[in-house]
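Numbering (the working numbering), first residue to last: 1202 to 1689.
Just so it is clear, CB atoms sit at the ideal spot from N, CA and C, and this is done for glycine as well.
Each remark here refers to the structure printed beneath this line.
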Ligand code: BG6
């Protein structure tokens, strides 16, 4: 397939995301020979720099984030693609100059405009881009999260952008969709015969979806305090993991067929009443422990803040496949381990238990730190007699194929340049996800109680254990026993 000749216009080019993630991702695609050799990168931001000064900044701040495949020669050929131009989002004349730069060359197949800026700049940027013709059909606009802070602000942002760009030009980023191990759920479920027949309420007792981080809020105290775990992680990343786990087979792999199925999952999430929020959700906040600071001692976090750094929710999906199956969702900062995983716990089968007294099967899909699928089951214990012990089948995705495994941002940027929308959120999906989290946000905001404290570096608040215990379940890390216990 020939690679499109692109202009990649990066708004917020001096920002943290550009330096840490976006330029390194573009470098990797370049180093792997996956970008059209004539494709250009045009950085824009308010900083009054020239190209040489911008490149010096990239040299100092971005290059260090390139962890593999680095060579001086490739870095030099990569940076030769980059130009920089100062631009103030409030000045129409700056957009006219931008259009001049873009229009000055011929043969551009597509123009990617990446808005790595605060969302308040999206509306003026889109308006001025449209005024200079930078919303033509070959223009794609990429929106970085957060896309709003609630349903209303998200609707506003979407409406502002939609005034100037058609939906099929809009690429809403959720970097979890760039993770290979998340995408892998589609072939895992729909290209194999082993899973689909049991992937439902008849066989599955509960599902757990976890994103746990060991990091605290680091330098992002100000942003994080206005955001919290529910907005930062649940409304987007956790919901996407849920969609890939729970969706029905899409009619095809086209962007809209996949997104239609995801939308149906989000729309089928049972709305939580205020009483449900009290019963089925837990919010926590990390407290100082050992050498680790508590959340309220972090830089730019006000003392007495009630922002949650941990959220756990018992959700339910009201579809014939899933009715009655609890989906336990959780995420938190400053926890004991870093992981993103999906655990499906199967019901015990009486006829198996009658012979072997075995525990239940489990599938663990790990997105990070490793990328694996583990099927936990039982095998014969060696020796005389016939008893079973627990064992595991491991599918190691990192070693399953020879191909280089790219980071999420590289994958997503290549998808944009190639014009494939499947790994980006459609407007209706995003708004539906906000709709589902709103009652939780509202009830938490109205609740005068502080979030449950948990020691930094622990497994989260105890209240989150009770959320599962009520239903006879336990978080996966506390529940390995039944699988390890030898069967009779
Ligand atoms: C971001 C959140 O979207 O995802 C961060 O804003 C979080 O708070 C990050 O740390 C986690 O991403 P990953 O890929 O490291 O799990």
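In the DSSP assignment, residue 1600 falls within the unbroken alpha helix (DSSP H) covering 1598-1601. For residue 1655, the enclosing beta strand (DSSP E) has its first and last residue at 1653-1656. Taking non-hydrogen atoms of the ligand BG6 into account, the C-beta of residue 1541 is found less than 8 Å away from one of them. Counting only residues of its own chain and dropping the five nearest sequence neighbours on each side, residue 1322 has a CB closer than 6 Å to the CB of 1290.
The distance from the Cβ of residue 1483 to that of residue 1513 is about 4 Å, consistent with a contact at the 8 Å cut-off. The C-beta distance from residue 1450 to residue 1391 rounds to 5 Å, short enough to meet the 8 Å contact threshold.
Relative to the ligand BG6, residue 1373 has its C-beta separated by 8 Å or more from all heavy atoms. Note that the C-beta distance between residue 1539 and residue 1397 is not below 9 Å. Where residue 1275 is concerned, the enclosing alpha helix (DSSP H) starts and stops at 1273-1280. In terms of side-chain proximity, the C-beta atom of residue 1314 is found no nearer than 8 Å to any non-hydrogen atom of the ligand BG6. Under DSSP, the beta-bridge partners assigned to residue 1311 are 1207.
CA-CA distance, residue 1654 to residue 1488, rounds to 6 Å.
DSSP places residue 1428 outside both helix and strand once states are collapsed to three, so it counts as coil.
Not one heavy atom of the ligand BG6 lies closer than 8 Å to the C-beta of residue 1220. At least one heavy atom of the ligand BG6 sits closer than 8 Å to the Cβ of residue 1437. When 1612, 1518, 1673 are compared, the shortest CA-CA separation from residue 1473 is found for 1518. The beta carbon of residue 1441 sits no closer than 8 Å to any heavy atom of the ligand BG6.
Under the DSSP assignment, residue 1496 falls outside any beta strand (DSSP E); it carries neither an H nor an E label.
Runs of the alpha helix (DSSP H) lying entirely within the region 1436-1494 and spanning at least 4 residues, in chain order: 1440-1447, 1456-1468, 1475-1481. Around the beta-carbon of residue 1207, 16 or more other beta-carbon atoms lie within 10 Å, marking it buried. Bounds of the beta strand (DSSP E) holding residue 1581 are 1573-1581. Looking at the DSSP output, residue 1541 shares a beta bridge with 1412, 1569.
With contact defined as three or more Cβ pairs closer than 8 Å, the region 1454-1470 and the region 1611-1629 are in contact.
Residue 1469 and residue 1614 have their C-alpha atoms spaced approximately 31 Å apart. Taking a C-beta distance under 9 Å as the contact criterion, residue 1226 and residue 1378 do not qualify as a contact pair.
About 15 Å separates the beta carbons of residue 1504 and residue 1510, which is beyond the 8 Å limit, so they are not a contact pair. The C-beta separation of residue 1524 from residue 1546 comes to about 17 Å, leaving the pair out of contact by the 8 Å criterion. Proximity of the beta carbon of residue 1433 to the ligand BG6 is indicated: a heavy atom of the ligand is located closer than 8 Å. With fewer than 16 other beta carbons inside 10 angstroms of its own, residue 1586 counts as exposed. Two segments are said to touch when three or more pairs of C-beta atoms, one from each, lie closer than 8 Å; by this definition the region 1426-1437 does not touch the region 1594-1612. The three-state reading of DSSP puts residue 1326 in helix, counting H, G and I together. Residue 1320 and residue 1556 have their C-alpha atoms roughly 60 Å apart. Here residue 1507 has 1651, 1652 as same chain residues with Cβ atoms under 7 Å from its own Cβ, once five neighbours each way along the sequence are excluded. The beta carbons of residue 1399 and residue 1370 sit about 40 Å from each other, so the pair does not count as a contact at 8 Å. Cβ-Cβ separation between residue 1410 and residue 1443: approximately 6 Å, consistent with a contact (criterion under 8 Å).
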